[in-house]
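Have a look at the structure below before the remarks.
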Amino acid sequence: MSKEYRGKRIVLWPINIDASASRKEGRKIPLKHAVRKPRVEEVVEAAKRLGLDPQVEEARYPRRWWEQKQRIVVNKMGSKLKTLIAIAEEIKRLREEKRLRHR
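In terms of my numbering, the sequence shown opens at residue 79 and continues consecutively.
What follows is the structure, encoded as structure tokens:
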């Protein structure tokens, strides 16, 4: 992580909250909180709703360096784990709202 973010912001990758990824592959939160295949747009929208000022950056996830991916930098909300869980739970709410609108 960049030194400029230390203490104030955290870097997260969609795989950190992906229920289809193992811990070894990069998931950081328990499965009961994780979401299946989160998209960068969903992570950004959830972070905005939580007031975390998200910024998307082009970068490669170290464990999957061959894939071109994006990471999201957000304001810290307690610990990194707490922030990741809050974002994942907000994505679940977003998906539920979207599902109900399209009925």
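Virtual Cβ for every residue (Gly too), placed ideally from N, Cα, C.
For residue i, name the three-state secondary structure that DSSP assigns.
| i | result |
| --- | --- |
| Arg127 | helix |
| Met79 | In this predicted model, Met79 has a pLDDT of only 48, less than 50, meaning its place in the structure is not dependable; the value taken from the coordinates is given anyway. In this structure, Met79 counts as coil in the three-state DSSP scheme. |
| Lys86 | coil |
| Glu120 | helix |
| Arg173 | helix |
| Lys110 | coil |
| Lys102 | coil |
| Arg149 | strand |
| Ala97 | coil |
| Glu168 | helix |
Considering Cα atoms alone, identify which of the options is closest to residue i.
| i | options | result |
| --- | --- | --- |
| Leu104 | Lys110, His111 and Asp96 | Note on identity: in this sequence residue 104 is Gly, with Leu being the wrong assignment. The shortest C-alpha separation from Gly104 is found at Asp96. |
| Gln148 | Gly156, Lys110, Glu119 and Ala125 | Glu119 |
| Val152 | Leu130, Lys102, Lys158 and Lys176 | Leu130 |
| Leu128 | Ile169, Leu109 and Ser157 | Ile169 |
| Glu123 | Arg179, Glu167 and His180 | Glu167 |
| Trp91 | Glu136, Lys176 and Glu174 | Glu136 |
| Arg114 | Ala99, Lys126 and Ala125 | Ala99 |
Given residue i, which residues of its chain have a CB within under 7 Å of its CB, disregarding the five upstream and five downstream residues?
| i | result |
| --- | --- |
| Met79 | Because Met79 carries a pLDDT of 48, less than 50, the predicted location of this residue cannot be relied on, and the following value inherits that uncertainty. Within the same chain, Met79 has close Cβ partners Val89. |
| Arg87 | Val151, Val152, Asn153 and Lys154 |
| Ala164 | Leu128 and Met155 |
Under 6 Å Cβ to Cβ from residue i, same chain only, skipping five residues before and after it: list those, please.
| i | result |
| --- | --- |
| Lys106 | Asn94 and Leu162 |
Against chain B, does residue i count as a neighbour if the rule is that its beta carbon must be under 9 Å from one of theirs?
| i | result |
| --- | --- |
| Pro92 | The chain inventory of the structure shown lacks chain B, comprising one protein chain alone. |
Residues in the same chain with beta-carbon distance under 8 Å from residue i, minus the five sequence neighbours each way, listed in chain order, please.
| i | result |
| --- | --- |
| Leu159 | Lys106 and Ile107 |
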